[in-house]
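Per the working numbering, residue 4 is the first one in the sequence shown, and the count goes up by one each step.
Each remark here refers to the structure printed beneath this line.
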Amino acid sequence: WSTHDICRFVRAFSTPYEGAAFCYQDDIRRVLRATPIKSDIPNHPFCAGLIVNRTSNGIHIMLKDGIACFNHLTDKHGKNVNLSEFRIGNRIFNTTADLLKSHTYRP
């Protein structure tokens, strides 16, 4: 997906919903806010999902056509996640099973 589409998706599934979900180190994390970041960094499709920076208020994720800052991250229980657990160079992802399951989710 494009950076624009992912940021819109996150916005659509934030409060009152649980947030858009992704996997990181075998745990589900949810993101309630995503903002596109202007960048001149060239990327390759293989880079999508890589954590390229971490700040005090978010993680920067390389996407298909740009970078997004994910912030207001929670665990599967809704508790805030300590951003120090995210390491630059690691990848966030969704499994095919997760994506198929999301097609049948009803609030």
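Glycine included, C-beta positions come from ideal geometry on N, C-alpha and C.
Under the three-state DSSP convention, the category residue i falls into
i      : result
Arg-14 : helix
Phe-73 : strand
Asp-68 : coil
8 Å contact criterion, which residue i and residue j should meet: CB distance rounded
i      : j      : result
Ile-40 : Ile-91 : Not really, about 15 Å apart at Cβ, beyond 8 Å.
Cys-72 : His-63 : 5 Å
Backbone CA spacing between residue i and residue j [nearest angstrom]
i      : j      : result
Arg-32 : Ser-42 : 25 Å
Phe-96 : Phe-25 : 6 Å
Ile-20 : Asn-60 : Before going on, a small fix: residue 20 reads as Tyr here, not Ile. Taking the straight line from one Cα to the other gives about 21 Å.
Asn-46 : Asn-85 : 27 Å
Neighbourhood of residue i by C-beta distance below 8 Å, restricted to the same chain and skipping five residues each side
i      : result
Thr-18 : Leu-35
Cβ shell of residue i (< 6 Å), same chain only, five flanking positions each side left out
i      : result
Ile-70 : Ile-40, Ser-42, His-63
His-75 : Leu-35, Arg-36
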